[in-house]
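The sequence shown begins at 1 in UniProt numbering and counts up one residue at a time.
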Amino acid sequence: MAETASLVTQNHFELNNISIINPVDSINPRANDEIPTFDYSMLCSEDPETRSKTLIDLDKALKEYACFNLVNHDLPDKIIEDALKGISDFYDLTEEERKEYQTTDPTDKIRRCLFTTNGENRECLRVVTHPQFHCPTKPADFSEAFGEYVKRFRKIKCGLARAFSKILGMEDCYLEKALKLESGFDVAVLGVYPPWFELKGSYGVPAHSDSGFFVSLIETAPISLDVLTTTGNWVKAKIPPHAILVLLGDHFEILTNGKYKSPIHKLAQDNERKRISMATIHGPSLDTFMGPAPEFVDESHPPAYRGMTYTQSLQANGYHLIDVHSNMPQVRI
């Protein structure tokens, strides 16, 4: 796993060198369009003018792309490197050791998942990270390293919730209260993917959207993630070194009654080396009733989604909570 550190070396983005947002004023994104990149320190700036301008740009970006790269987020390189190394080391365990977590109990907090995509057998590890943190006990340093990453990211999650609340025209704590984020249900999906030349299929993950408030994604190698914009164009998501890709979740779309969309995206296997993936689906609390909020419903915008608790949403179609499965087709009216 010696290569991990070199793959996630941090680049600090100076404010005069970064486009707060790559152009979103065009009606139709060009074929070489890229998703926007935002500076976290500017989203949370104490300078009202800086924060206001950045939030206006973020609002435009979310309405068209529904995702963005986040840089200057203050997550130290070592925290990320150690977490990614822990994931890689987990997959270096023997089949018997990993099989210990291959269960189908509805109450699972840790689950090894096996599935087949394009004729290839694949696996991933799902772990509930909030409101209680869970992690395999092997390898020895995995839980501590991944736990530190989860703890540090919590601050970023709260900062994004405040920024999104302001975009919605609400007070800073609006989403924290509406989604009960203090007891939010977060699930991490941790995987190691082989190089593309070892695979038969072209797409590692078919087109889909994700449940929850938003999804955060960190990778050790460049990925080919295609995102469908709200204008109907597929855009390549190019993630800068040490950046976090943030995608809106289904339940943010539901809460805003479709004003903001959860993006359809698909992942192609076009890497030339092993890739470690650390994705987390950040959700509301399990008992939160998720439907269009009154602030986004009126005569011109009637409810476009059926309301249900987050638990009911995740358990639709026989799935378990840890699957964090999207059921958007069933909730759309």
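Heads up, the beta-carbon is just placed ideally off N, CA and C, and yes, glycines get one too.
Check	Outcome
Where the alpha helix (DSSP H) through residue 44 begins and ends	Neither: residue 44 is in no alpha helix (DSSP H) and is coded neither H nor E.
C-beta contact flag for residue 290 and residue 333 at 7 Å	no
Beta-carbon spacing of residue 37, residue 69 below 7 Å	yes
For residue 309, the nearest candidate out of 104, 190, 287 and 193 (CA to CA)	287
Cβ pair residue 229, residue 64 closer than 7 Å	yes
With 16 other Cβ atoms within 10 Å as the buried cut-off, status of residue 213	buried
Inter-residue spacing [alpha-carbon to alpha-carbon] between residue 248 and residue 97	35 Å
Reduced DSSP secondary structure (H/G/I, E/B, other) of residue 167	helix
At least three beta-carbon pairs within less than 8 Å, the stretch 73-88 to the stretch 134-151	yes
Same chain, Cβ closer than 6 Å to residue 261, neighbours up to 5 away in sequence not counted	66, 230 and 253
Limits of the unbroken beta strand (DSSP E) element including residue 191	186-193
Backbone secondary structure at residue 23 - three-state DSSP	Its pLDDT being 38, under 50, residue 23 is placed unreliably in this model, and the value from its coordinates should be taken loosely. Here residue 23 sits in coil by DSSP.
Which of helix, strand or coil DSSP assigns to residue 303	coil
Residue span of the beta strand (DSSP E) that contains residue 98, given as start and end	It is not in any beta strand (DSSP E) - residue 98 instead sits in the alpha helix (DSSP H) that spans 95-99.
Three-state secondary structure assigned by DSSP to residue 61	helix
Among 46, 330, 86 and 129, nearest to residue 284 - alpha-carbon criterion	129
Assigned secondary structure, residue 288 (DSSP; H/G/I helix, E/B strand, else coil)	coil
Residue 114 - DSSP class collapsed to helix/strand/coil	strand
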